[in-house]
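Asks: Residue 220 is where the sequence shown starts when you use our numbering, and the numbers rise one by one after that.
Don't be surprised by glycine CBs; every beta carbon is placed ideally from N, CA and C.
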Amino acid sequence: MTLSLSGDHIQVMNAHAERTYPEECCGLMLGTVEGDTDSSIRVVIELYPVENSWNQQVAADLHDQSSSKDRRYAIAPEDMLKAMRYTRSHRLDIIGIYHSHPDHPAVPSECDRRLAWQHYSYSIISVQQGKATEFYSWSLDVNHQFQPEVILQDTCHRYIAFS
């Protein structure tokens with residue numbers, strides 16, 4: 220799988236991750252999917268940053284009581300619904316989710332894998348002591364295991380970030 224995005228997109232995600240440190244940030248990547256299933260390219264057109272809505276209720280629902288916003292993220296259902304409405308009206312799709320790992324590598328955790336959905340890109344920004352240091356993207360294979368994605372950095376994409 221391949222993810223295509225601009226340097227501006229990466230800068231915005233890095234800035235979002237640094238701004239929310241030491242908590243995890245999260246947001247949606249909106250765009251299109253080009254090609255067939257086996258060799259498709261997910262093209263990021265816009266970013267849709269959202270607030271990390273991880274709280275005690277989410278933790279209880281997921282049987283993850285020991286975690287907090289510095290180790291977990293959640294996207295509120297109302298944020299997903301707003302993004303879905305936006306993508307429909309602009310002929311885009313939600314093609315992925317990004318989030319940060321404060322003081323941890325940009326590698327998916329077991330929780331990331333357990334809660335991930337097929338057919339999405341999962342981009343992770345590592346933030347070490349408040350500075351974004353790594354950016355990697357992952358997708359699930361048929362065995363529900365994360366595999367690294369090829370990242371194509373392009374300068375031609377439209378850039379809009381919501382807040």
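Enumerate in chain order the residues of its own chain whose CB-to-CB distance from arginine 310 is below 8 Å, with the five nearest sequence positions on each side excluded.
Replies: As a position in the sequence shown, residue 310 is number 91, starting the count at 1. Once the five neighbours on either side are set aside, arginine 310 has no close Cβ partner at all.
Asks: For the candidate residues Asp373, Gly226, Asp360 and Asp322, whose alpha-carbon lies nearest to that of alanine 351?
Replies: Translated into positions along the sequence shown, residue 351 becomes position 132. Checked all of Asp373, Gly226, Asp360 and Asp322; the closest Cα to alanine 351 is Asp322.
Asks: Indicate the three-state DSSP secondary structure (helix, strand or coil) for aspartate 280 in the structure shown.
Replies: As a first step, residue 280 must be located in the sequence shown, where it is residue number 61. The answer is helix: DSSP assigns aspartate 280 an H, G or I state.
Asks: Considering Cα atoms alone, identify which of Val269, Asp373 and Ile314 is closest to arginine 261.
Replies: Reading the sequence shown from its first residue, position 42 is the one you call residue 261. The option with the nearest alpha carbon to arginine 261 is Ile314.
Asks: Below 8 Å on the Cβ atoms is my contact criterion, and I expect glycine 232 with serine 342 to pass it. Report the Cβ-Cβ distance as a whole number of Å.
Replies: The sequence position of residue 232 within the sequence shown is 13, counting from 1. The sequence position of residue 342 within the sequence shown is 123, counting from 1. Per the sequence shown, the amino acid found at residue 232 is methionine instead of glycine. About 7 Å separates the two Cβ atoms, so the contact holds.
Asks: When burial is assigned at 16 or more other CB atoms within 10 Å of the CB, is serine 218 buried or exposed?
Replies: Limits of the chain in this structure are 220 at one end and 382 at the other, which puts residue 218 out of reach.
Asks: So, at 8 Å on beta carbons, what are the nonlocal neighbours of leucine 371 in its own chain, with the 5 sequence-adjacent residues on each side left out?
Replies: The count along the sequence shown starts at 1 and reaches residue 371 at position 152. Result list for leucine 371: Thr221, Leu222, Ser223, Leu224 and Ile260, in chain order.
Asks: So the candidates are Ser345, Arg333 and Lys301; which of them puts its Cα closest to the Cα of leucine 249?
Replies: Counted from its first residue, the sequence shown places residue 249 at position 30. It is Lys301.
Asks: Who are lysine 350's beta bridge partners in DSSP?
Replies: The sequence position of residue 350 within the sequence shown is 131, counting from 1. Lysine 350 is bridged to Gln347.
Asks: Return the CA-CA distance between glutamine 276 and cysteine 244, expressed in angstroms with no decimal places.
Replies: As a working mapping, residue 276 is identified with position 57 in the sequence shown. As a working mapping, residue 244 is identified with position 25 in the sequence shown. C-alpha separation (whole angstroms): 18 Å.
Asks: Would you grab the beta carbon distance between isoleucine 294 and valine 263 for me? Rounded to a whole angstrom, and I think it's under 8 Å.
Replies: Here residue 294 refers to the residue found at position 75 of the sequence shown. Here residue 263 refers to the residue found at position 44 of the sequence shown. Not a contact, Cβ separation roughly 17 Å.
Asks: Could you check what DSSP says for methionine 248 in three-state terms: helix, strand or coil?
Replies: The residue you call residue 248 lines up with position 29 of the sequence shown. Residue state, collapsed to three classes: strand.
Asks: For arginine 238, which residues from the same chain have a beta carbon less than 8 Å from its beta carbon, with the 5 sequence-adjacent residues on both sides left out?
Replies: Looking up residue 238 in the sequence shown gives position 19. Counting only Cβ-Cβ distances below 8 Å, and skipping sequence neighbours, we find Cys244.
Asks: Going by the beta-carbon positions, is the gap between serine 340 and serine 356 smaller than 8 Å?
Replies: Here residue 340 refers to the residue found at position 121 when the sequence shown is read from its first residue. Here residue 356 refers to the residue found at position 137 when the sequence shown is read from its first residue. In contact: serine 340 and serine 356 (Cβ atoms closer than 8 Å).
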